[in-house]
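Q: Numbering (this note's numbering), first residue to last: 33 to 196.
Cβ coordinates follow ideal geometry from the N, Cα and C atoms, glycine included.
Since the model is a prediction, treat every value here as computed from it, not as a measurement.
The structure is given below, and queries will be raised subsequently.
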């Protein structure tokens, strides 16, 4: 687990609209991440009424929820949250790969940043460390979302053209 997170740049989120798609599978971990994210978004000034939450059964459904949030609310950013823990088969690898690729496609197709907040863990201990432990991945996802929302706003503005 990398401890070398980027230095956090303060962002005023008061003007931002945020979409969050969160899986219900492994809810203890996902709910902890969601709680961390909501706290950090609130602290950054994001208004509760500008946060649109969609709960889905599992991580495989996150890309569709992200796409629906992007279409309906046109948020500045979407955060997709899920936790995958290795089992006895390769199912979790298939879901992790498919969700990652589909979330990236949603971002590119919609022109809206999508934060991939899907934790992929080898075991329960890894999931706990990343969701309930001292390293706050939820805060990292929230900060990344705020930074990307700001970037989207800055780069989406029309170029400043002066009349001669």
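May I have the straight-line CA-CA distance separating residue 142 from residue 156, to the nearest angstrom?
A: Taking the straight line joining both Cα atoms gives about 34 Å.
Q: Alpha carbon to alpha carbon, how far is residue 67 from residue 41? Give it in angstroms, no decimals.
A: Roughly 21 Å separates the two Cα atoms.
Q: From residue 185 to residue 97, what does the alpha carbon distance come to, in whole angstroms?
A: C-alpha separation (whole angstroms): 22 Å.
Q: Cutting at 6 Å between CB atoms, please list the residues of its own chain near residue 52, excluding the five before and the five after it.
A: Excluding sequence neighbours, residue 52 sits near 85 and 111.
Q: Pick from 54, 61, 70 and 95: whose alpha carbon is nearest that of residue 158?
A: Ranking 54, 61, 70 and 95 by Cα distance to residue 158 puts 61 first.
Q: Considering only C-alpha positions, which residue in the set 91, 48 and 55 is nearest to residue 75?
A: Minimum Cα distance to residue 75 is reached at 48.
Q: Per DSSP, which residues does residue 62 bridge with? Please list them.
A: Bridge partners of residue 62: none, in fact.
Q: Could you name the residues of the same chain whose beta carbon sits closer than 8 Å to that of residue 45, not counting the 5 residues immediately before and after it, in chain order?
A: Taken in chain order, the residues that qualify are 73, 76, 77, 78, 178 and 181.
Q: Would you grab the beta carbon distance between residue 163 and residue 151 for me? Rounded to a whole angstrom, and I think it's under 8 Å.
A: Between residue 151 and residue 163 the Cβ distance is about 6 Å, and since that is below 8 Å, they are a contact.
Q: To the nearest angstrom, how far is the alpha carbon of residue 187 from that of residue 65?
A: Answer to the nearest angstrom: the Cα atoms are 29 Å apart.
Q: Quick check on DSSP: helix, strand or coil for residue 164?
A: Residue 164 falls in the coil class under three-state DSSP.
Q: Below 7 Å CB to CB, which residues in the same chain sit around residue 105 once its five sequence neighbours on both sides are set aside?
A: 49, 51 and 84, listed in sequence order.
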